[in-house]
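**Q** Shown below is the structure under consideration.
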Amino acid sequence: MFRLVVVVVGLCFTSAADRTEPAGGSWFVAAVYEHSVVLNPEPRTPLSRPAALRHMHDNLRVFEQQAALAAQQGAQILVFPEDGLQGFNFSRSSISGYLETIPDPQQESWNPCTEPGKYNNTEVLQSLSCMARRYNLYLVANMADLQLCPKTEPSSCPSDGRWQFNTNVVFRSDGLLVARYHKHNLYFEEAFDKPPRPEITTFDTPFAGTFGLITCFDILFQEPTLTLLEKGVRQIIFPTAWMNQLPLLDTIQFQKAFSSGANVTLLAANIRSDRLIMTGSGIYTPTSATYHHAQRGDPEEGRLLVARVPVLDPLWMEHRVLTEEEKAVAWGQSTSSAASGYCHEENCFDAPPPETASSVLPSSTTTFISSMMYDPFTFVLLNETEGKVRVCNGTFCCRLQYRRLAPGGSKELYSLGAFAGMHTVNGRYALQVCALVRCAGLEVTSCGQEVEEAESKLDFLLEGRFGTRYVYPSVLVNRLVLEQPQHLETAADGRVTMKHSKMTAGLVTACLYGRMYHLDQE
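Position 344 of the sequence shown, counting from 1, maps to 354 under my numbering, and the rest follow consecutively.
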């Protein structure tokens with residue numbers, strides 16, 4: 011069931027053997043594992059420590075198998091998902107048997123595998139440490155941490171005198187604990203506390219330089235994610251238990267959008283659960299992606315991804331003389347269409363230069379309001395086979411030039427939506443979004459609803475003028491497959507332009523997702 015599968019979905023990649031050869035120079039080999047977690051059937055009922063360990067060992071056995079398979083493929087770093095050891099839906103009291111106190115590696119040096127007797131009740135830390143040591147790779151896992159409150163911070167301490175944190179741990183290839191990160195932005199996690207202050211956590215490796223740590227919901231917020239980016243961290247580790255939210259925040263859609271928009275490598279490991287709509291993991295660079303997204307009806311099983319990845323750490327790169335290809339990958343550019351690592355085989359050729367959107371004039375089509383992702387988007391329909399439309403939400407406007415290549419008999423409805431404001435459902439954060447979406451039906455009220463399949467291909471140029479430089483672009487097509495936009499451009503005045511043509515499948519969503527981090531507290 012838990013077998014090695016190297017998945018490349020619709021991408022112009024070299025062969026699996028080429029991508030997983032031992033890394034050297036400015037490349038390394040990364041692995042992420044999407045885990046079908048063995049769950050506690052009654053997470054609200056407290057377990058004894060021995061019973062909780064027996065449960066976690068069921069998941070650790072799977073981790074052990076995947077670590078062995080990743081090592082066989084030359085992986086130097088392996089990432090497991092959030093909640094992968096114990097699952098979810100615990101209360102503060104019922105998770106107690108799963109907690110271990112994780113020492114701060116910034117304060118002391120500890121190798122749990124070689125020094126198991128140093129701390130009591132650290133069996134999981136010891137297992138993970140020995141796993142990293144046994145397979146000679148850096149290992150990232152997520153677990154539950156217990157920390158007693160220091161007397162210096164009584165005001166932020168919970169009433170029971172201890173903090174319980176959702177925690178990423180990182181082990182060096184010899185088993186040394188080298189990083190600990192407490193998740194800052196919790197998502198309905200009753201068992202855990204928010205740390206009293208944001209933690210900006212990084213660790214260094216001998217093969218790729220510096221990596222930063224975030225967890226799941228963190229990716230949408232200023233702390234710690236934006237702070238890591240502004241500090242120049244360009245390689246991000248992302249354990250997650252992400253529930254897919256179409257049409258704008260499907261897992262692989264936003265993982266790739268973040269990698270492209272932030273110009274970083276993202277190693278993303280998700281949970282696999284049909285009941286919770288969780289799937290979607292990948293290894294992303296600004297110009298390439300190796301990813302997996304389960305389809306409806308697929309077996310509910312784990313999936314290991316392994317890929318050869320360019321080093322993006324600037325301090326690492328400044329000590330080497332890079333080739334032109336390496337420079338292009340490092341700075342989020344491609345020397346040709348094929349070099350992007352994304353285009354389909356039959357379309358790997360240079361496209362004509364994009365027409366600028368400055369000349370795109372608005373049509374007189376009537377706009378309407380419809381809810382998308384719980385936000386009131388202003389939409390305009392695409393009523394013609396080709397044309398130019400403009401839609402505004404307040405003073406924020408989106409422009410689209412398009413040509414529709416619908417198959418015979420297709421009656422799919424498409425619309426262009428704009429939203430600028432504060433998202434307030436299941437999280438509060440400021441947005442500016444331009445989104446071209448396939449509507450779920452033929453009524454305008456269906457625009458903005460979830461859609462997974464589409465037949466109509468479009469050539470398009472989508473543009474908006476954003477009040478932030480953090481704009482995350484995505485193109486998602488039929489049955490949740492990613493495509494790389496042929497052209498992305500950001501102007502000094504905040505105008506972001508995305509051009510794409512020669513689609514391989516029908517368009518589900520094309521999106522420019524702007525995060526107005528500086529307005530989150532207003």
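Where is the CB? At the ideal position from N, CA and C, for every residue including glycine.
Examine chain B for any beta-carbon lying closer than 8 Å to the beta-carbon of Phe-389, and answer yes or no.
**A** Of the chains in the structure shown, none is chain B; there is only one protein chain.
**Q** Would you check if the distance between the CB atom of Gln-263 and the CB atom of Leu-486 is smaller than 8 Å?
**A** Yes; because the gap between Cβ atoms is below 8 Å, this pair is in contact.
**Q** Where does Asp-228 land, buried or exposed, given buried means 16+ other C-beta within 10 angstroms?
**A** Answer is buried; the Cβ neighbour count reaches 16.
**Q** In this structure, what does DSSP give as the bridge partners for Lys-398?
**A** DSSP output for Lys-398 lists Gln-411 as bridge partner(s).
**Q** Looking only at its chain, what residues have a beta carbon closer than 7 Å to the beta carbon of Thr-124, apart from the 5 residues adjacent to it on each side?
**A** Closer than 7 Å at Cβ, skipping near neighbours: Gly-185.
**Q** For Arg-1 and Asp-260, I'd like the C-alpha separation in whole angstroms.
**A** Residue 1 lies beyond the range of the chain shown here (11 to 532); nothing can be said about it.
**Q** Would the segment 209 to 220 and the segment 393 to 410 be scored as touching if the rule is three or more Cβ pairs under 8 Å?
**A** No, the segment 209 to 220 does not touch the segment 393 to 410.
**Q** For the alpha helix (DSSP H) holding Leu-236, just list the boundary residues, first then last.
**A** From DSSP, Leu-236 is part of no alpha helix (DSSP H); its letter is neither H nor E.
**Q** Once DSSP output is grouped into helix, strand and coil, what is the label at Tyr-108?
**A** It is helical.
**Q** Buried or exposed: which applies to Lys-241, given that a residue is buried once 16 or more other Cβ atoms fall within 10 Å of its Cβ?
**A** It counts as exposed.
**Q** Roughly how many angstroms lie between the CA atoms of Glu-463 and Ile-287, to the nearest whole one?
**A** Those two C-alpha atoms are separated by around 16 Å.
**Q** Does the structure place the segment 295 to 303 close enough to the segment 517 to 531 that three or more beta carbon pairs sit under 8 Å?
**A** Touching, no, given that fewer than three Cβ pairs across the two stretches are closer than 8 Å.
**Q** Looking at C-alpha atoms only, which residue of Phe-248, Ile-224, Pro-115 is the closest neighbour of Thr-237?
**A** Comparing Cα-Cα distances from Thr-237 to each of Phe-248, Ile-224, Pro-115, the minimum goes to Ile-224.
**Q** Check whether the segment 414 to 431 and the segment 442 to 457 touch, using three or more Cβ-Cβ pairs below 8 Å as the test.
**A** Touching, yes, given that three or more Cβ pairs across the two stretches are closer than 8 Å.
**Q** From what residue to what residue does the beta strand (DSSP E) around Phe-248 run?
**A** It spans 245 to 249 - the beta strand (DSSP E) in which Phe-248 sits, taken as one unbroken run.
**Q** Compare the beta carbon distance of Thr-388 and Gly-437 with 8 Å and say whether it is the shorter of the two.
**A** Taking 8 Å as the Cβ cut-off, Thr-388 and Gly-437 do not qualify as a contacting pair.
**Q** Between the Cα of Tyr-197 and the Cα atoms of Trp-252, Val-39, Val-188, Phe-90, which residue gives the shortest distance?
**A** Taking only the C-alpha atoms, the option nearest Tyr-197 is Trp-252.
**Q** Could you check what DSSP says for Arg-190 in three-state terms: helix, strand or coil?
**A** Note: Arg-190 maps to strand in three-state DSSP.
**Q** Short of 6 Å in beta carbon distance, which residues of its chain neighbour Leu-415, apart from the five on each side in sequence? Order them along the chain.
**A** Here the set comprises Lys-467.
**Q** Mind checking which residues open and close the beta strand (DSSP E) that includes Gly-84?
**A** Looking at the DSSP string, Gly-84 is not in any beta strand (DSSP E), and its letter there is neither H nor E.
**Q** Where do the N-terminal and C-terminal ends of the beta strand (DSSP E) with Ile-379 fall, by residue?
**A** Here the beta strand (DSSP E) through Ile-379 covers 377 to 382.
**Q** Quick check: what's the CA-CA separation for Ile-293 versus Ala-279?
**A** Ile-293 and Ala-279: Cα-Cα distance of roughly 9 Å.
**Q** Going by other Cβ atoms of all chains shown within 10 Å of its Cβ, with 16 needed for buried, is Tyr-384 buried or exposed?
**A** Exposed, by the Cβ-count rule.
**Q** Give the DSSP bridge partners of His-45, in chain order.
**A** Ile-281, per the DSSP bridge assignment.
**Q** Does Gln-76 pass the burial test, meaning 16 or more other C-beta atoms within 10 Å, or should it be called exposed?
**A** Buried, by the Cβ-count rule.
**Q** Which same chain residues end up closer than 8 Å to Glu-465 when comparing Cβ atoms and leaving out the 5 residues on each side of it in sequence?
**A** Here the set comprises Ala-416, Pro-417, Ser-420, Glu-422, Asn-488, Gly-516.
**Q** Based on the DSSP output, what are the partners of Ser-425 in its beta bridges?
**A** According to DSSP, which records beta bridges pairwise, Ser-425 is partnered with Leu-391, Val-447.
**Q** Kindly indicate which three-state DSSP category Asp-469 falls into: helix, strand or coil?
**A** Here Asp-469 sits in strand by DSSP.
**Q** Determine the burial state of Glu-365: buried for a count of at least 16 other Cβ atoms within 10 Å of its Cβ, exposed for fewer.
**A** Bear in mind that the predicted position of Glu-365 carries a pLDDT of just 40, short of 50, making it too unreliable to give a figure here.
**Q** Would you check if the distance between the CB atom of Gln-174 and the CB atom of Thr-111 is smaller than 8 Å?
**A** No.
**Q** Whole-angstrom Cβ separation of Ser-106 and Pro-160, contact assumed at under 8 Å?
**A** Wrong, their Cβ atoms sit about 20 Å apart, outside the cutoff.
**Q** Where does the unbroken beta strand (DSSP E) through Ala-151 begin, and where does it stop?
**A** Unbroken beta strand (DSSP E) run through Ala-151: 148 to 158.
**Q** DSSP puts Pro-291 in a beta bridge; with which residues?
**A** The identity of residue 291 in the sequence shown is Ser, whereas the question assumes Pro. Answer is His-302.
**Q** Excluding the 5 residues flanking Arg-475 on each side, which residues of the same chain have their C-beta closer than 6 Å to its C-beta?
**A** So the qualifying residues of the chain are Gly-504, Arg-505.
**Q** Check for me: the beta strand (DSSP E) holding Glu-499 runs from which residue to which?
**A** It spans 497 to 500 - the beta strand (DSSP E) in which Glu-499 sits, taken as one unbroken run.
**Q** Should Asn-146 be labelled buried (16 or more other beta-carbon atoms within 10 Å of its own) or exposed?
**A** Under this definition Asn-146 is an exposed residue.
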